[in-house]
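For reference, the structure discussed in these notes is given below.
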Amino acid sequence: MQTYLFSSKGPRITNQDAASLTYVSGGVLLCVADGVGGNNGGEVASKLAIEVFLREVISSKSSFSFSKAMEVAHNEIKERASEDAELSGMATTFTAVFVTSERVIGIHCGDSRAYILRDNGIKQLSEDHSEVAKLIRSGKLTKEAAVDYPRKNVIYSALGSHKELVVDEFEFELVSQDRIVLVTDGVHGVVSKKTFRDTSLNSSSLKEWCDTIVTILEGLGPEDNFTIASVELD
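Okay, structure coming up:
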């Protein structure tokens, strides 16, 4: 498998995104998180989410329990926030996938995204837990009107939030040369799905493709931290 990981603070002072790429028995585990919160709360929340999730998953004696690991991370972020007034209100999106030679298994909350690219197709495996996406899914808002929607960054599910935690799990069978990519909204809010697909078709390696995405993003002018974590099957 080829792998790739890149994270940048972009125009911001700090990087509230966090990411990891871990080789485990049978495959690769990718995680991305995009923190929110005053002071350094967002940065703490995203890093803590990945740290706790990996600890729980890797220490699991039997099969990976993503949902349990998410729950533990959710509670530990809330606990840390309750102990430090400067971290009050911190939370984070979280998306993780375990990629083997046969399938991808994932878990997700928030508005970071997981995509699969195969040949000339691209499919979003995760579902955005954002106010604007919910309105689009319900038919109350068109995709065209969503471009100017004033609350595009409002999410309704995040680790550490005191709102009800909504978690999605997904699984998808893979074939040779499939590319799986996780991105924060600093990427997918600027780079379109069509651009992801077209650049993937014209890139002979995973690194070439992801480097191209970063170059395009920097050329368009990022407005936020941005993170890409990706794997390509042999």
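When you read off a place in the sequence shown, starting at 1, and then add 70, the result is the number in the working numbering.
Even glycine gets a Cβ: it sits at the ideal position worked out from N, Cα and C.
Computed from a predicted structure; not experimentally measured.
In the three-state reduction of the DSSP assignment, residue 122 falls in the helix class. Per DSSP, residue 193 lies in no alpha helix (DSSP H) segment; the continuous beta strand (DSSP E) that holds it begins and ends at 191 to 194.
In this structure, residue 180 places its C-beta atom within 8 angstroms of the C-beta atom of residue 225.
According to the DSSP secondary-structure assignment, residue 249 is paired through a beta bridge with 187 and 302.
Contact between the stretch 229 to 236 and the stretch 268 to 285 is absent: fewer than 3 CB-CB pairs across the two stretches fall below 8 angstroms. Counting along the chain, no beta strand (DSSP E) covers residue 217, and no H or E run does either. Burial is judged here by how many other beta carbons sit within 10 angstroms of a residue's own beta carbon; residue 249 has at least 16 and is buried. The closest CA to that of residue 81, considering only 221, 205, 254 and 296, is found on 296. Judged by pairs of C-beta atoms under 8 angstroms, the stretch 211 to 220 does not touch the stretch 125 to 139, as fewer than three such pairs exist. By the Cβ test, the stretch 175 to 191 is in contact with the stretch 241 to 256, since at least three Cβ pairs between them sit closer than 8 angstroms. Look at residue 98 here: in three-state DSSP terms it is strand. By the neighbour-count definition (other C-beta atoms within 10 Å, threshold 16), residue 94 is an exposed residue. In this structure, 92 is the residue among 283, 277, 92 and 233 with its C-alpha nearest to the C-alpha of residue 170.
Taking C-alpha positions only, residue 112 is separated from residue 154 by approximately 13 angstroms.
Burial check for residue 194: the Cβ neighbour count within 10 Å stays below 16, so the residue is exposed. Excluding five sequence positions before and after residue 277, the CB atoms of its chain that fall closer than 8 angstroms to its own CB belong to 72 and 74, given in chain order.
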